[in-house]
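Protein chains in written order, with numbering that gives the first Met the number 0: chain A, 0 to 159; chain B, 0 to 201. Ideal Cβ placement from N, Cα and C applies to all residues, glycine included.
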Amino acid sequence: MSKFKKKSSLHVPEVSTASLPDIVFMLLFFFMTVTVMKNTELKVHNELPNASELKKLEKKDRIIEIHIGKPSSRYENIVGVEPRIQLNDKFADLSEVAPHVLSEIQSKPEHLRAFVTISLKVDKRANMGLISDVKQELRKVNALKINYTTYEGDAFKNLD
Amino acid sequence: MGKRKSAPEVNAGSMADIAFLLLIFFLVTTTIETDVGLDRMLPREDGDYIEYEQRNILSILIGVDGALLVNDEPITPELLLKTVIDFIDNGGAQTGEAFCDYCQGERRTNLSDNPSKAVLVLGTQRETSYGAYIAVQNELVAAYNVLRNREANRLFKTSYIKMDAIYRNPQTDRTTKELLNNRIRVIQKMYPMNISEAQLKK
Chain A
0 MSKFKKKSSL HVPEVSTASL PDIVFMLLFF FMTVTVMKNT ELKVHNELPN
50 ASELKKLEKK DRIIEIHIGK PSSRYENIVG VEPRIQLNDK FADLSEVAPH
100 VLSEIQSKPE HLRAFVTISL KVDKRANMGL ISDVKQELRK VNALKINYTT
150 YEGDAFKNLD
Chain B
0 MGKRKSAPEV NAGSMADIAF LLLIFFLVTT TIETDVGLDR MLPREDGDYI
50 EYEQRNILSI LIGVDGALLV NDEPITPELL LKTVIDFIDN GGAQTGEAFC
100 DYCQGERRTN LSDNPSKAVL VLGTQRETSY GAYIAVQNEL VAAYNVLRNR
150 EANRLFKTSY IKMDAIYRNP QTDRTTKELL NNRIRVIQKM YPMNISEAQL
200 KK
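Set out below in structure tokens:
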């Protein structure tokens, strides 16, 4: 009995929380370095298709993005439900694609201009008509290097 | 001078709270960037029209509902990869310059002469969904990758995908890069990727 009593009177040592700030700071710095701030607000649905035979996109500084998809629900009553093109942060017509790409290329430093890639971020439910039109526009301004940006996954899922 | 007073200590107890706050902010705003995709070169606008023999063309049409029509015959998406590989790797030319000594196809007379002559022509309707289009594009790249990997394994005992990944890695040193560049070119010359979206003349 006495033995048992002795044991229960022992204190459990407290875990020191002094290193907690250090751990949290470490996590903080990790997230600070990997964070990429979004500079454009997406105004279109943008669920990219899946593909498995992928190539990594080149560095961010030589990429021009074009978003295509159905307008988000809050823009539906303004611009309708048909898939639209979004350049930077506004909706655009097909005719605006070529001038936009040209001005974006002009704004890049000269040694990068030859390596500019157009990243097409297209919603998987968009239809090919619009995309073929965009590609024709890109050919007009000789922006021939394109990348169909996708998620990594099983490509057959796109067919459902 | 009098007795030096010790500076009052700043209470660092709330440091963790502040750091947590910042951490949560960055956690919420972080978006994992999607920076992968399928690379393609568009043809020049003033591109010449090249005539191909019928046997060297594999036309792939994607219908409105995602149905596939390969050389005017309906096909299931699962079979597409094999069909494309058979077509490219056929090596139908029996003699002469176009003879393909590394092809392992069945050397039929109605499929391509040589991988360098084989052209995949992809056609879509305006209403075809982009998802279906990417699925097909992915299969076409997969077909080339299968063949290129096979030849890379035979010649250089490594896969084409691996060589390409090492070549693209910025940390690879120059001599390795040059060696890989040569090897990649050899493979690409054996199986050049000819995917066209031109309209076929009927």
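Beta-carbon proximity of Val63 of chain B to Thr127 of chain B, cut-off 8 Å: yes
Selection of the segment 109-139 of chain B by Cβ proximity to chain A, strictly under 8 Å: If the cut-off is 8 Å between Cβ atoms, the segment 109-139 of chain B has Thr123, Gln124, Arg125, Glu126, Thr127, Ser128, Tyr129, Gly130, Ala131, Tyr132, Ile133, Ala134, Gln136, Asn137 and Glu138 near chain A.
First through last residue of the alpha helix (DSSP H) which encompasses Gly130 of chain B: For Gly130 of chain B, the enclosing alpha helix (DSSP H) begins and ends at Tyr129 to Phe155.
Cross-chain neighbours of Leu158 of chain A in chain B, by beta carbon under 8 Å: Gly65, Pro76, Gly130, Ala131 and Ala134
Three or more C-beta pairs below 8 Å linking the segment 66-74 of chain A and the segment 7-25 of chain B: no
Nearest candidate by alpha-carbon position, reference Tyr51 of chain B, set B:Gln124, B:Leu119 and B:Tyr166: The shortest Cα separation from Tyr51 of chain B among B:Gln124, B:Leu119 and B:Tyr166 belongs to B:Leu119.
Rounded C-alpha distance that separates Pro20 of chain A from Met14 of chain B: 6 Å
Between the CA atoms of Ala117 of chain B and Ser195 of chain B - distance to the nearest angstrom: One C-alpha to the other measures close to 11 Å.
DSSP three-state assignment for Thr148 of chain A, whether helix, strand or coil: strand
Chain B residues whose Cβ lies nearer than 9 Å to that of Lys144 of chain A: Asp38, Arg39, Met40 and Leu41
Cut-off 6 Å between Cβ atoms - residues of its own chain near Leu86 of chain A, not counting five sequence neighbours on either side: His99
Closer than 8 Å at the beta carbon, the chain B residues around Ser194 of chain A: It is not possible to answer for residue 194 of chain A, since the shown part of chain A is limited to 0 through 159.
Cβ neighbour criterion (16 or more within 10 Å) applied to Ile87 of chain B: buried
Secondary structure of Asn180 of chain B, DSSP reduced to three states: helix
Ala154 of chain A at chain B interface by Cβ criterion, 8 Å: Yes, its Cβ sits closer than 8 Å to a Cβ of chain B.
Separation of Met127 of chain A from Gly152 of chain A, as counted between CA atoms: 21 Å
Interface flag, Glu151 of chain A vs chain B, CB-CB below 8 Å: yes
Residue environment, Arg43 of chain B, which counts as buried when at least 16 other CB atoms sit within 10 Å: exposed
Nearest neighbour of Val121 of chain A, chosen from B:Leu57, B:Asp112 and B:Tyr129 [CA to CA]: B:Tyr129
Inter-residue spacing [alpha-carbon to alpha-carbon] between Arg153 of chain B and Thr16 of chain A: 58 Å
DSSP state of Lys201 of chain B mapped onto helix, strand, coil: Caution applies to Lys201 of chain B, whose pLDDT of 48 falls short of 50 and renders its modelled position unreliable; the value that the coordinates give is listed next. Coil.
Backbone CA spacing between Ile67 of chain A and Lys59 of chain A [nearest angstrom]: Approximately 19 Å, taken between the alpha carbons.
Contact set between the segment 18-47 of chain A and chain B, restricted to residues whose Cβ is under 8 Å from the partner: Leu19, Pro20, Val23, Phe24, Leu26, Leu27, Phe30, Met31, Val33, Thr34, Val35, Met36, Lys37 and Leu47
Residues of its chain near Pro191 of chain B, where Cβ-Cβ distance is below 8 Å and the 5 sequence neighbours each way are ignored: Pro114 and Ser115
Under 7 Å by beta carbon: chain A residues contacting Asp34 of chain B: The contacting residues are Lys55 and Leu56.
Neighbourhood of Asn163 of chain A by C-beta, 7 Å cutoff - its chain only, sequence neighbours within 5 removed: The requested residue 163 of chain A does not occur in the structure, where chain A is confined to residues 0 to 159.
Proximity test, Cβ basis, 8 Å: Ala113 of chain A and chain B: no
Contact list for Ala125 of chain A against chain B, beta-carbon separation under 8 Å: Ser128 and Tyr129
Cα-Cα separation between Lys201 of chain B and Arg54 of chain B, rounded to whole angstroms: The pLDDT assigned to Lys201 of chain B is 48, lower than 50, so where the model puts this residue is not dependable; a value taken from the coordinates is nonetheless given after this. Taking the straight line from one Cα to the other gives about 14 Å.
Same chain, Cβ closer than 8 Å to Lys134 of chain A, neighbours up to 5 away in sequence not counted: Counting only Cβ-Cβ distances below 8 Å, and skipping sequence neighbours, we find Ile145.
Residues bridged to Leu67 of chain B [DSSP beta-bridge criterion]: B:Ile61 and B:Ile74
Residue span of the beta strand (DSSP E) that contains Gln85 of chain A, given as start and end: Arg83 to Leu86
C-beta contact flag for Ile62 of chain A and Ser102 of chain A at 8 Å: no
Val140 of chain A versus A:Lys55, A:Ala97 and A:Pro82, residue with shortest Cα-Cα distance: A:Ala97
contact_flag[the segment 73-81 of chain B, the segment 164-173 of chain B] where n(CB pairs < 8 Å) is 3 or more: Segments in contact, no.
Of the listed residues B:Ala164, B:Ala151, B:Thr175 and B:Ala197, nearest to Val185 of chain B (C-alpha basis): B:Ala151
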